[in-house]
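Undergrad: Residue numbers (the working numbering), protein chains in the order written: chain A, 1 to 331; chain D, 1 to 277.
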Amino acid sequence: MGPSSPDLGGATASGGPAAAARPDAIKAIPVRHWGRWISAAVVTYLLVALVYSFVASPNIDWPTVWEYLFKPLTLIGLSRTIELTFVCMAVGAAGGVMLAVMRLSDNPVLSWIAWGYIWFFRGTPVYVQIILWANIGVLWTKFYAGLPFTGLVFGSTASGPLVGNLFVVAVLALGLNEAAYAAELVRAGIISVDAGQIEAASSLGMSPTLTMRRIVLPQAMRVIIPTMGNETISMLKTTSLLAVVGGGIEMFGRLQNIYAQTFQIMPLLVVACIWYLVVTSILTLGQARLEAYFGKGFGMQETEAAEKRTARRTLRAIVAAEKSHGDQGRT
Amino acid sequence: MSSQPEGGHLIDAATIAAEAATGGQPMVKAEQVWKSFGKLDVLKGVDFVVQPQQTFVLLGPSGGGKSTLLRCINHLEKIDAGRLYVAGELMGYRERGKVLHEMNARDVARQRASIGMVFQRFNLFPHKTAIENVMEAPIRVQHVPRKKAEAEAEVLLRSVGLGEKLDTYPAQLSGGQQQRVAIARALAMKPKLMLFDEPTSALDPELVGEVLDVMKQLARDGMTMVVVTHEMGFAKEVADGVALIDGGVIVEQGPPNDVLLNPKEERTKLFLSKVLA
């Protein structure tokens, strides 16, 4: 029925109680928000001035920015940065799940070891940890295969090739640090799953391990994924701290090495900022997609997916029926 | 109404007979069951017996211990004293001579697999569709081939009137529909005993009937059931035995006609007058 049709007099075909005719929609003059206009104008004015100071500054040599933005040196550095981010996050996430499960374990020794790990790695600055791992060769000069404290040694090798490799140092420093933070996020995710879920799973005869894997972790993911997305974005930026160990194993270290010699400090910092912003923006978009996937069963967009599955099921049934019909025909 | 069960049996007679076979033992036997939470004694020496294919209803005021007793039957709660047997098997412990040994998690899980449980708050797995909820345990616990489990799950969901909702996630089902999925999920394990913990208490009044209908059908099919409920009508209609639990003890138990219509104990009369008022 169209919007008001007064000539029908409210008598509806459904036979229910007669609905009153709808009165005219309210047309009122909106409140003027003068304060909003003024504050917006002031803030915009200041922002324009700030941006202008960058763009028009003779001290930022924009041609240099454009030159370095797409130089192979920068782009290779960027690809190493992204690679490091994902390797460190993989190590961190795997370690985090393991630590979270240990922390929640009934075994008090495992629980306390996980607690101690998290305590150490969250209690010391990641910058210090990077330098510590870069110098670990001083502590561990050799790696031994054997049983500690028994004098039983099957073989040994110099630690140099491993701990002297800056990529290994980077993954150890950032991956192990991330594991401690991820552990707390995973633990929060696991705890957020309703206790009734575990009871339902155990009353169906599912073992604790199976319950964790099939029922608890998939639901915990819904809570964990958004936070892990943030962690990944944060990790991308944290890799810039690796510049301290030198060697140019990621983008910022490489740019720093250049401006240390050419003194084009501002242009190269702008290059770094642009690329970090580009990648974090892309990661933010990816995170939204992951959230949608792990939010399965919690949103209304499922209706469509369910309809598709029902259609496929019906189709399969029809095909099966046709087939069995055909088979009967032949015999 | 399409949401009503489509009639017929939920489980066939042969299955029931096989599931209910206990070698002459009662299906559930509780002997002097005690349970405390910290200093609070919730159960103080409960005795009762449920024979195969019977429906036993636990009534009583909130906090009286009836839900705890139900959860002790499948060892979701450990009992502190006494013995609890299901189909002649001691729950959660192994008795060697006079010494009790705690069962490990795997053996407890094996015992629970043959006891279905339906919860007040449904506890469906929200990340799985209705049919996935029903298929999950048969596939993962009993290692039924996926195709077979899917076919059986479909039959079960149809028999509880949810043939149209196979691929729907729990969040899009009404409370009554969710509870019927939960019943189908428990039945998919072909249990010898079904436990119902206030299965209609979280439902809107107009949805209670559809769940009770499924439970009544199940009782008529010969499933052994222990039901905690406030639904007096259900108790009168299908129970073989009822027990009133208050203050951690069974105040009175017997056939529904005796306990509900001619109660002997004052406390039973008081409770019934409040519930039926």
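Note that beta-carbon positions come from the ideal geometry of N, C-alpha and C, so glycine has one too. These numbers were taken from a predicted model, which means no experiment stands behind them.
1) Distance, Cα to Cα, residue 168 of chain D vs residue 135 of chain D?
2) Is the CB-CB distance between residue 190 of chain A and residue 294 of chain A below 8 angstroms?
3) Bridge partners for residue 102 of chain D per DSSP, in chain order?
4) When the cut-off is 8 angstroms and only beta carbons count, does residue 314 of chain A lie next to chain D?
5) Does residue 206 of chain A come within less than 8 angstroms of chain D when only Cβ atoms are used?
6) For residue 15 of chain D and residue 225 of chain D, what's the separation of their Cα atoms in angstroms?
7) Kindly give me the distance between the Cβ atoms of residue 235 of chain A and residue 184 of chain A, rounded to whole angstroms, as I take these residues to be in contact under 8 angstroms.
8) Would you say residue 118 of chain D and residue 56 of chain D are within 8 angstroms of each other, going by their C-beta atoms?
9) How big is the Cα-Cα spacing for residue 253 of chain D and residue 220 of chain D?
10) Contact defined as beta carbons within less than 8 angstroms: I believe residue 124 of chain A pairs with residue 271 of chain A. What is the distance between those atoms, to the nearest angstrom?
11) For chain D, find out if any of its Cβ atoms is closer than 8 angstroms to the Cβ of residue 227 of chain A; answer yes or no.
12) Quick check: residue 141 of chain D and residue 204 of chain A, are their CB atoms within less than 8 angstroms of each other?
13) How long is the line joining the alpha carbons of residue 144 of chain D and residue 139 of chain A, rounded to whole angstroms?
14) Should residue 101 of chain D be labelled buried (16 or more other beta-carbon atoms within 10 Å of its own) or exposed?
15) Taking the alpha-carbon of residue 193 of chain D as reference, which of D:44, D:173, D:74 has the nearest alpha-carbon?
16) Let me know if residue 269 of chain D comes out buried or exposed under the rule of 16 or more other beta-carbons within 10 Å of its beta-carbon.
17) Could you check the C-alpha separation between residue 228 of chain D and residue 181 of chain D for me, to the nearest Å?
18) May I ask which residues mark the beginning and end of the beta strand (DSSP E) holding residue 253 of chain D?
19) Which residues mark the beginning and the end of the alpha helix (DSSP H) in which residue 105 of chain A is found?
20) Does residue 18 of chain D come within less than 8 angstroms of chain A when only Cβ atoms are used?
21) Can you pull out the residues from the region 190 to 203 of chain A whose beta carbon lies closer than 7 angstroms to at least one beta carbon of chain D?
22) What is the rounded straight-line gap between the Cα of residue 123 of chain D and the Cα of residue 197 of chain A?
23) Buried or exposed for residue 77 of chain A, please, with buried defined as at least 16 other CB atoms from any protein chain shown within 10 angstroms of its CB.
24) Report the residue from D:191, D:186, D:161 whose alpha carbon sits nearest the alpha carbon of residue 177 of chain D.
25) How is residue 169 of chain D classed by DSSP in three states: helix, strand or coil?
26) Find the residues of chain A that neighbour residue 153 of chain D, judging by a C-beta separation of less than 7 angstroms, and give them in chain order.
27) What three-state label does DSSP hand residue 215 of chain D in the structure shown?
28) Shorter than 8 angstroms from the beta carbon of residue 167 of chain D to some beta carbon of chain A?
29) Specify, as a first and last residue, the run of the beta strand (DSSP E) that residue 34 of chain D falls within.
30) How would you list, in chain order, the residues of chain A whose beta-carbon sits under 8 angstroms from the beta-carbon of residue 112 of chain D?
31) Run through chain A and tell me which residues come within less than 7 angstroms of residue 137 of chain D, C-beta to C-beta.
32) Taking C-beta to C-beta, are residue 237 of chain D and residue 200 of chain D nearer than 8 angstroms?
33) Counting beta carbon pairs with one atom in the region 230 to 249 of chain A and one in the region 79 to 86 of chain A, are three or more of them shorter than 8 angstroms?
34) Quick one, which residues of the region 173 to 205 of chain D are near chain A if we go by CB-CB under 9 angstroms, in chain order?
35) Whose CA, out of D:216, D:172, D:154, D:137, lies closest to the CA of residue 131 of chain D?
36) Quick one: is residue 224 of chain A near chain D, going by C-beta distance under 8 angstroms?
TA: Short version:
1) 14 angstroms
2) no
3) D:93
4) no
5) yes
6) 15 angstroms
7) Going by Cβ atoms, the distance from residue 235 of chain A to residue 184 of chain A rounds to 15 angstroms, so no, they are not a contact pair.
8) no
9) 22 angstroms
10) In fact, because the Cβ distance is near 31 angstroms, the residues do not count as touching under 8 angstroms.
11) no
12) yes
13) 54 angstroms
14) exposed
15) D:74
16) exposed
17) 19 angstroms
18) 249 to 254
19) Neither: residue 105 of chain A is in no alpha helix (DSSP H) and is coded neither H nor E.
20) no
21) 196, 197, 199, 200, 202, 203
22) 6 angstroms
23) buried
24) D:161
25) coil
26) What residue 153 of chain D touches in chain A: nothing, since even the nearest Cβ is about 12 angstroms away.
27) helix
28) yes
29) 28 to 37
30) 202, 203, 204, 205
31) 204, 205, 206
32) no
33) yes
34) 182, 185, 186, 188, 189, 195
35) D:154
36) no
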